[in-house]
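So the mapping is simple: my numbering equals the position in the sequence shown, first residue as 1, plus 13. Quick reminder that beta carbons are idealized off the backbone N, C-alpha and C, glycines included. The structure presented is a predicted model; accordingly, all values stated were derived computationally and were not measured. One structure is given here, and the rest of the page talks about it.
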Amino acid sequence: MKSAGLVSVATAALVATIAGAGGALPVVLAATQGVGATPEQASSWVSALGIATAVSALILSVRYRMPIIAAWSTPGAALLASTSGVPSFAAAVGAFVLAALLILLTAAVRPLGRLIERIPASIAAAMLAGVLLRLVMAMFEHVPTAPVLVLPLLLLFLVSRAFLPTLASLVVLVAGALLAWSMGMVKPLPPLGFSTVVLTMPAWDVATVVGLGVPLYLVTMASQNLPGFAVLRASGYQPPVQPILAVTGVASLVSAFLGAHTSNLAAISAAICTGPDAHPDPAKRWMTGPFYALFWGLIALFGASVVGLFMALPPALLATVAGTALLGSTAGALGSALSGDQDRLAAAGTLAVTVSGIGLLGIGSAFWGLVIGLLILAIDRLTKR
């Protein structure tokens, strides 16, 4: 019975790792291209994310005897992938450092966390929807040039989602890679090799640090950490909020200098590890953490090969995998943004500005979308008094 329990927690951790990395890694690779990372910096980025995820999950799950599962910020990667005009990769690293410092500040100053929670959910969801929508739309932009690749994969995603919702994007990735290979669209694969990390000192470009760092912090908090806490509470756990933010904040700060964006609580991956399928005894589900850390450690170890493998695939396939992986999150964000009558106009303004991609004063559209949404909301409430 004991061995069966170990098998179940190990299996849950493996499924969570595959679901978290397989479908979302193309989004991270799109982020590396969006901020101008070199192949070496992209490999370091993925390896650093693997290290941060593994270390955070191991420390938190063992220390607090809860299935506290860490992840990278997929919405944050989507934000970076949709950006443009970043003067240098070092400037993007400056934004990563700011986001990590803001997470640490939230851990240290409780009122700041409460202030973030006071941002209307509709406004935060609209900003996230605008960021995600641009990547989902990019998937369809490849239909005219690669219809034989993209359209069958979209159909496969819809069918797979009905039977394997957590692994549908992974199914698309595997099937798409085989289809692309059969069509001669795959570049030569790189040899298997260990990763090396690249230290990048941040450049303090004010527009980039503010325009990327603040939205990266906000989408990480609103779209990853807060849902992550909710998943744990829904499974009967009382997560230690401040220590979790502190550990993931430190991990984000250290990994930022290796070229990686933020680490945080997982939501979907956590749901796999916190339910009864992981272990019938809630007190023993924390053991998914060490197994999860082991699998992410392997990703970190071979990060360069993983990046090389994905970069050998055609852009149309990567865009399709990223788009399908984010489609459900986009639908959820749109639903949350526009569901309430009271804040709908402000949410619509946030969505419109964010998805437009407009940049003012060198600052990206996600930041201005948040500003416009809060401004509309403030004017609306003042005039109704």
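For residue i, which beta-bridge partners are listed by DSSP?
{"i": "Ala83", "result": "Leu278"}
Could you spell out the range, first to last residue, of the alpha helix (DSSP H) harbouring residue i?
{"i": "Ala104", "result": "102 to 121"}
{"i": "Asp393", "result": "378 to 396"}
{"i": "Ser173", "result": "160 to 176"}
{"i": "Leu266", "result": "254 to 269"}
{"i": "Leu225", "result": "Here Leu225 belongs to no alpha helix (DSSP H), and DSSP marks it neither H nor E."}
{"i": "Trp58", "result": "52 to 77"}
{"i": "Ala399", "result": "This structure does not reach residue 399, given that the chain is present from 14 up to 398, and the question cannot be answered."}
{"i": "Pro39", "result": "38 to 47"}
{"i": "Val149", "result": "134 to 154"}
{"i": "Ala323", "result": "Reading the sequence as shown, one finds Phe at residue 323 and not Ala. Looking at the DSSP string, the run of the alpha helix (DSSP H) that includes Phe323 is 316 to 324."}
Please confirm whether residue i and residue j have their CB atoms less than 8 angstroms apart.
{"i": "Trp217", "j": "Gly345", "result": "no"}
{"i": "Ala37", "j": "Thr87", "result": "yes"}
{"i": "Ile116", "j": "Leu258", "result": "yes"}
{"i": "Ala291", "j": "Ala25", "result": "yes"}
{"i": "Phe109", "j": "Ala269", "result": "yes"}
{"i": "Ser135", "j": "Asp356", "result": "yes"}
{"i": "Leu71", "j": "Ala264", "result": "no"}
{"i": "Met198", "j": "Pro52", "result": "no"}
{"i": "Val185", "j": "Thr337", "result": "yes"}
{"i": "Gln237", "j": "Leu183", "result": "no"}
{"i": "Ala90", "j": "Val48", "result": "no"}
{"i": "Val320", "j": "Ser56", "result": "yes"}
{"i": "Val244", "j": "Ala284", "result": "yes"}
{"i": "Val149", "j": "Leu322", "result": "no"}
{"i": "Val368", "j": "Gly143", "result": "yes"}
{"i": "Pro289", "j": "Tyr77", "result": "no"}
{"i": "Val210", "j": "Ser60", "result": "yes"}
{"i": "Ala280", "j": "Leu141", "result": "no"}
{"i": "Ala151", "j": "Ala332", "result": "yes"}
{"i": "Pro303", "j": "Ser74", "result": "yes"}
How is residue i classed by DSSP in three states: helix, strand or coil?
{"i": "Met196", "result": "coil"}
{"i": "Phe304", "result": "helix"}
{"i": "Trp217", "result": "coil"}
{"i": "Thr96", "result": "coil"}
{"i": "Thr209", "result": "coil"}
{"i": "Gly89", "result": "helix"}
{"i": "Gly310", "result": "helix"}
{"i": "Gln237", "result": "helix"}
{"i": "Leu27", "result": "helix"}
{"i": "Met14", "result": "Only weak support is given to the placement of Met14: the predicted model assigns it a pLDDT of 41, under 50, and the value that follows is read from those uncertain coordinates. Residue state, collapsed to three classes: coil."}
{"i": "Gly353", "result": "coil"}
{"i": "Ser182", "result": "helix"}
{"i": "Gly341", "result": "helix"}
{"i": "Gly336", "result": "helix"}
{"i": "Leu202", "result": "coil"}
{"i": "Ser21", "result": "helix"}
{"i": "Pro327", "result": "coil"}
{"i": "Ala190", "result": "helix"}
{"i": "Ala273", "result": "coil"}
{"i": "Gly249", "result": "coil"}
{"i": "Gly288", "result": "coil"}
{"i": "Thr157", "result": "One point to set straight first is that residue 157 is Pro, not Thr, in the sequence displayed. DSSP places Pro157 in coil when its eight states are reduced to three."}
{"i": "Pro293", "result": "coil"}
{"i": "Gly33", "result": "helix"}
{"i": "Ala243", "result": "helix"}
Pop quiz: residue i and residue j are said to be a contact at Cβ under 8 angstroms. What is the actual Cβ separation, rounded to whole angstroms?
{"i": "Thr275", "j": "Ala83", "result": "Actually they are not in contact, since the Cβ atoms of Thr275 and Ala83 sit about 11 angstroms apart, beyond 8 angstroms."}
{"i": "Thr30", "j": "Trp309", "result": "6 angstroms"}
{"i": "Val163", "j": "Ala317", "result": "No, Val163 and Ala317 are not in contact; Cβ-Cβ is about 28 angstroms, not under 8 angstroms."}
{"i": "Leu231", "j": "Leu383", "result": "7 angstroms"}
{"i": "Ala273", "j": "Leu62", "result": "5 angstroms"}
{"i": "Thr287", "j": "Pro100", "result": "That pair is no contact at about 42 angstroms."}
{"i": "Ala44", "j": "Leu93", "result": "4 angstroms"}
{"i": "Ala112", "j": "Gly224", "result": "That belief does not hold up - the Cβ atoms of Ala112 and Gly224 are roughly 12 angstroms apart, past 8 angstroms."}
{"i": "Ala444", "j": "Leu169", "result": "Residue 444 is absent from the model: the chain starts at 14 and stops at 398."}
{"i": "Ala350", "j": "Ala139", "result": "4 angstroms"}
{"i": "Thr221", "j": "Ala104", "result": "4 angstroms"}
{"i": "Leu212", "j": "Leu271", "result": "7 angstroms"}
{"i": "Val362", "j": "Ile385", "result": "It should be pointed out that residue 362 corresponds to Gly in this sequence rather than to Val. The pair is a contact, with the Cβ atoms about 5 angstroms apart (cut-off 8 angstroms)."}
{"i": "Leu118", "j": "Leu125", "result": "6 angstroms"}
Does any residue of chain C bring its CB to less than 8 angstroms from the CB of residue i?
{"i": "Ile385", "result": "Absent from the structure is chain C; it holds one protein chain and no more."}
I'd like to confirm something about residue i: is its beta-carbon nearer than 7 angstroms to some heavy atom of the ligand MN, or not?
{"i": "Gly345", "result": "The ligand content of the structure shown is nil, which means the ligand MN is not present either."}
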